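Student: Next up is a structure, given as structure tokens.
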Amino acid sequence: MLLRKIPSFSLIEMLVVMVLSSMVVTAIYFAYLTVNTYQMSLTRKYSALEEIIALNDRLEADIRNADEVLKSDSGLQCLQTEVTIRYGIYRNYVVRQQNSVIDTFHYRVSEQAFMFQGKVQAERGAALDEVVLEGQIANQSIRYHILKRYDAASLVRFIKPDSIP
Numbered sequence: 550m551l552l553r554k555i556p557s558f559s560l561i562e563m564l565v566v567m568v569l570s571s572m573v574v575t576a577i578y579f580a581y582l583t584v585n586t587y588q589m590s591l592t593r594k595y596s597a598l599e600e601i602i603a604l605n606d607r608l609e610a611d612i613r614n615a616d617e618v619l620k621s622d623s624g625l626q627c628l629q630t631e632v633t634i635r636y637g638i639y640r641n642y643v644v645r646q647q648n649s650v651i652d653t654f655h656y657r658v659s660e661q662a663f664m665f666q667g668k669v670q671a672e673r674g675a676a677l678d679e680v681v682l683e684g685q686i687a688n689q690s691i692r693y694h695i696l697k698r699y700d701a702a703s704l705v706r707f708i709k710p711d712s713i714p
């Protein structure tokens, strides 16, 4: 009975198998970690891009559909027949308010200019035909330059009689 051997592995063989399997598991984990980090980074970039596209779409549509675009204390107002849409432009974000609906766009505004006929408008209530916003999102510089086209009747209403030669 003592002559019969049971087939088994030596301690060294088991250690080699454990080291090899731990190397495989480590490689798989780092591959997973790399793919997961890349996916999270891409998700953040796409979410920031989606926010910028939404801001661009809303701002362009509101300015285009407005009867008048006026300078306000914190940004601009788009006056339409039925509703007034306000844009508050702050250092780290842009707020759009339409009645009780408020949208916040995370866009760092570094430069802003509101103009009418090529002249910068600083006073509250001044008519605007050009809006320029420059800022950053996801470490990329993005510039908005939106023009408002008025009809002749609106332009006659905006121009002061003493400014006509």
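Convert by adding 549 to the 1-based position in the sequence shown; the result is the number in my numbering. Quick reminder that beta carbons are idealized off the backbone N, C-alpha and C, glycines included. Note that the structure is predicted; figures quoted are calculated from it, not measured.
#1: If the criterion is Cβ atoms closer than 9 Å, does the pair Q629 and R635 meet it?
#2: Quick check: the segment 572 to 579 against the segment 601 to 609, are there 3 or more CB pairs under 8 Å?
#3: Pick out whichever of G674, Q670, E600 and L619 has its Cα sitting closest to the Cα of V643.
#4: Looking at the strands, I want to know which residues DSSP matches up with H694.
#5: Apply the 10 Å Cβ neighbour rule to A676 and answer buried if 16 or more other Cβ atoms are within range, or exposed otherwise.
#6: Compute the Euclidean distance between the alpha carbons of A702 and E617, then round it to the nearest angstrom.
#7: By the three-class DSSP mapping on this structure, what secondary structure does D652 have?
#8: Rounded C-beta distance between K594 and A687? I'm assuming under 8 Å.
#9: With a threshold of 16 other CB atoms inside 10 Å of the CB of Y656, please say whether the residue is buried or exposed.
#10: On the criterion of 16 or more Cβ atoms from any shown chain inside 10 Å, does A610 qualify as buried, or is it exposed?
#11: Sorted by chain position, which residues of the same chain lie with C-beta nearer than 7 Å to I695's C-beta, five sequence neighbours on each side aside?
#12: Since R772 is in the alpha helix (DSSP H), which residue starts that stretch and which ends it?
#13: So is F558 buried or exposed if we call it buried at 16+ other beta carbons inside 10 Å?
#14: Could you please give me the residues that DSSP links to Q647 through a beta bridge?
#15: Using DSSP bridges, identify the partner residues of R657.
#16: According to the neighbour-count rule (16 or more other Cβ atoms, all chains shown, within 10 Å of its Cβ), is G674 buried or exposed?
#17: Sort K668, R640, V632 and L560 by Cα distance to Q646 and report the nearest one.
Tutor: A quick look at the data gives this:
#1: Cβ distance not < 9 Å, so Q629 and R635 don't count as in contact.
#2: No contact exists between the segment 572 to 579 and the segment 601 to 609.
#3: It is E600 whose Cα lies nearest to the Cα of V643.
#4: V681.
#5: A676 comes out buried.
#6: Approximately 12 Å between the Cα atoms of the pair.
#7: Note: D652 maps to strand in three-state DSSP.
#8: Taking the Cβ atoms as the reference, K594 lies roughly 6 Å from A687, within the contact range of under 8 Å.
#9: Buried, because 16 or more other Cβ atoms sit within 10 Å of the Cβ of Y656.
#10: Exposed, by the Cβ-count rule.
#11: Excluding residues within five positions, the ones whose Cβ falls inside 7 Å are L608, E609, I612 and V680.
#12: No information on residue 772 is available, as it lies outside the stretch 550 to 714 that the chain covers here.
#13: The residue in question, F558, is exposed, as its Cβ has fewer than 16 Cβ neighbours within 10 Å.
#14: For Q647, which the question treats as bridged, DSSP gives the partners I634 and V650.
#15: DSSP, once it has assigned bridges, lists Q685 as partnering R657.
#16: It is exposed - the Cβ of G674 has fewer than 16 other Cβ atoms within 10 Å.
#17: Answer by Cα proximity: V632.
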